[in-house]
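These protein sequences, in sequence, are chains A and B. Counting along the first sequence from 1, when you hit position 227 you're at 227 in our numbering, and nothing is skipped either side. In our numbering, each residue's number is its place in the second sequence (first place is 1) plus 356. Each residue gets a CB set at the ideal place from its N, CA and C atoms; glycine is no exception. As the structure is a prediction and not an experimental result, all values here were calculated from the model. Below: the structure, in structure tokens.
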Amino acid sequence: MSRVPKEVRSWIYDFFYNERSAAYLKIDARQCIEEKGGNLEHYGLSSLRIGKPVADQLEFMEGLLPCPELPFHMPMMELPGGHVADLHLFGDNGSVWLVFLDATPERDHQQRLQQKAYEMTLLQERERQLNAKLQSTNEALRESQEGLSREYRRAESLLLNILPASIAERLKADEQIADSHAEVSVLFADIVGFTERARSVGATTTLAILNYFFKAADLLSEQYGCEKIKTIGDCVMAVAGLPTARSDHAEALANYALELREAARREHFAGEPLGLRIGIHSGPIVAGVIGKRRFVYDLWGDTVNLAARIQKAAEPDEIRISDATHQLLGPEFACDPLGETELRGTGRVRMWRLRR
Amino acid sequence: MLQKKICMLGGFAVGKTSLVRRFVQSIFSENYLTTVGVKIDKKSVAFPDKTVDLILWDLAGEDDIGSFRVSYVRGATGLVLVVDGTRPATLAVALTLRERVEAEFGAMPFVLLFNKSDLADRWAISDGEIDELRQRGWQIYLTSALSGEHVDDAFRQLASMVAN
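And the structure:
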């Protein structure tokens, strides 16, 4: 210090003593206050008592002494009274000096800077968290939407398996469905000798045969614009002219019958080509959906009953058609007359055999 | 007179100052004001057989653990480790601070506080994680300086640990 000019020394002294409210304590080896001075009043510490333990009077000194790392500097300590001090401890022959220098403006300044930095960091962290949450919410939403539309497509395709598309649409719109159709053709087809052959080949082969037959009936109905209405045991029921009317319903169904018979013959059942009995009749029917939770689209009316009777009367591999159907077929269809035959519940009926 | 120095340790903005204010003055402020340096507070905790004066050192939370002044902890007999339950990274900060303190001054009693339990919709610490820490025999509290939930319990627990 002796090298420093008197004026500077004096300025430094004044600065720390006045501007920074220097205060000091001397603490003896028993950790009692030995001496005090300077601007203690500034820190609300003027009542400190000489000769009494320092830690009882200055809480922050609890546990600090003896301090092996002197000199020790604790910047910016906010005392219970609210003042902020830089604390300097240094040793002096077994005693310790504790110097207080006011640091309130520095602390406040640093706090403002730090505050901005931390707030910015917190905002960024929060933004990251929210973005992550948004992303995972979006992901979950997308997944559940996908699941939903998968379920919807499944339900849709199930519905289309049992109902014609236009009927399914109307059903979804909650319509009551019971439509009269003046002109349609109805077909029944079953497998010749099904019961006996099923017994001889066993369940697995029988199922495979039925599967082949019904699949062929499905595929051909798409091809010829017919609707497969249902299967009853080994019997298929199909219709043409439904749900959209068409004037060539009899011809469409006749072609369907010829192809179905061909498809059957390509398969073998118990060692013989798969044979069908097919019957067709044309006339008015009522079509509708019954049931609330398990929908059944079905046809009703005399036309349906007579078609079933004709089918029962058919010979193996024969496509038997009613006179009404025959009248609707063009000259390209070759038919043999069968004369009038007595059918149960209907009386004598004129029928034809469709050859090709 | 039984007087014990306790240090509040944890990352920044986890709620150390708010927990001390809640415990000492029973108040809470929504405004976040970062602590610079250290703030000293005192609170007496009464037990049937004795009273413990806790001298609470509310240390500035650092985002950079390297700049933590471990010498501030000299003379402490217990730690309050504070984690922000909505910011999982603050758990690692609290545990690292404890390791640094123990390396310097040896093991000392502590309580671990998962704070801001009132922010349920932003909570980011799983029950499993907390159970796992409890199985180490640690004293863990889910606290809210806002509502005061479990704040007194946590400080009382630590007071009883350091008094013995």
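Proximity of Glu19 (chain A) to chain B, defined by a Cβ-Cβ separation below 7 Å, is not satisfied.
With a beta-carbon spacing of about 12 Å, Leu70 (chain A) and Val99 (chain A) fall beyond the 8 Å limit used to define contacts.
Across the stretch 380 to 406 of chain B, CB contacts with chain A closer than 9 Å involve Tyr388, Leu389, Thr390, Thr391, Val392, Gly393, Val394, Lys395, Ile396, Asp397 and Lys398, in sequence order along the chain. Between the stretch 239 to 254 of chain A and the stretch 160 to 173 of chain A, the count of Cβ pairs shorter than 8 Å is three or higher; the stretches touch.
Take Ile383 (chain B), set aside five residues on each side of it, and the residues of its chain with a beta-carbon closer than 8 Å to its own are Arg377, in chain order. For His281 (chain A), the enclosing beta strand (DSSP E) covers residues Leu276 to Ile290. Gly366 (chain B) is positioned such that its CB atom lies no closer than 7 Å to that of Ala501 (chain B). Distances from the CA of Asp509 (chain B) to each of B:Lys395, B:Phe379 and B:Asp414 were compared; the closest alpha carbon is that of B:Phe379. Residues of the stretch 359 to 378 of chain B with a C-beta atom less than 8 Å from some C-beta of chain A are Gln359, Lys360, Lys361, Phe368 and Ala369, listed in chain order. Exclusion of the five residues before and after His506 (chain B) leaves Tyr497, Leu498 and Thr499 as the residues of its chain whose Cβ lies within less than 7 Å of its Cβ. The beta-carbon distance between Ala252 (chain A) and Cys226 (chain A), rounded to whole angstroms, is 6 Å. This is short enough to meet the 8 Å contact definition. Here the C-alpha atom of Leu274 (chain A) lies approximately 10 Å from the C-alpha atom of Leu210 (chain A). At a cut-off of 7 Å between beta-carbon atoms, Arg430 (chain B) makes contact with chain A. Contact between Leu25 (chain A) and Ile12 (chain A) is absent: CB atoms are separated by about 21 Å, not below the 8 Å threshold.
Straight across, the Cα-Cα distance linking Lys398 (chain B) with Ala132 (chain A) is about 41 Å. Using a 10 angstroms sphere on the CB of Gly283 (chain A), the tally of other CB atoms reaches 16 or more, which defines it as buried. B:Val394 is the residue among B:Asp405, B:Val394 and B:Met357 whose C-alpha sits nearest the C-alpha of Val429 (chain B). With the rule of 3 Cβ pairs closer than 8 Å, the stretch 210 to 223 of chain A counts as touching the stretch 260 to 271 of chain A. For Leu58 (chain A), no alpha helix (DSSP H) run applies, since DSSP gives it neither H nor E. Under the three-state reduction of DSSP output, His109 (chain A) falls in the helix class.
Comparing alpha carbon positions, the residue from A:Ser185, A:Gln176 and A:Ala22 closest to Asp102 (chain A) is A:Ala22.
Among the residues of the stretch 423 to 447 of chain B, those with a Cβ less than 9 Å away from any Cβ of chain A are Arg425, Ser427, Tyr428, Arg430, Gly431, Ala432, Thr433, Thr442, Arg443 and Ala445, in the order of the chain. Looking at the DSSP output, Thr446 (chain B) shares a beta bridge with no other residue.
Annotated three-state conformation of Gln129 (chain A) is helix, per DSSP. In this model, Ser46 (chain A) and Leu468 (chain B) are separated by some 38 Å (Cα to Cα).
Counting the other CB atoms within 10 Å of its CB gives Asp414 (chain B) a total of 16 or more, which places it among the buried residues.
The beta carbon of Ile481 (chain B) does not come within 7 Å of any beta carbon belonging to chain A, so the residue lies off that interface. At a cut-off of 7 Å between C-beta atoms, Leu130 (chain A) does not count as an interface residue with respect to chain B. Taken through DSSP and simplified to helix, strand or coil, Gln145 (chain A) comes out as helix. For the pair Ile229 (chain A) and Phe188 (chain A), the Cα-to-Cα distance works out to about 10 Å. Assignment of beta-bridge partners to Val380 (chain B) by DSSP yields no partner. If you keep only unbroken beta strand (DSSP E) runs of at least 3 residues inside the stretch 453 to 507 of chain B, you get 466 to 471 and 495 to 498.
Taking the Cβ atoms as the reference, Leu475 (chain B) lies roughly 5 Å from Thr442 (chain B), within the contact range of under 8 Å. Between the C-alpha atoms of Gly91 (chain A) and Pro80 (chain A) there is a straight-line separation of about 25 Å. Here the alpha carbon of Gly202 (chain A) sits roughly 38 Å from the alpha carbon of Ala334 (chain A).
Secondary structure note for Arg246 (chain A): it is in no alpha helix (DSSP H), with a DSSP letter that is neither H nor E.
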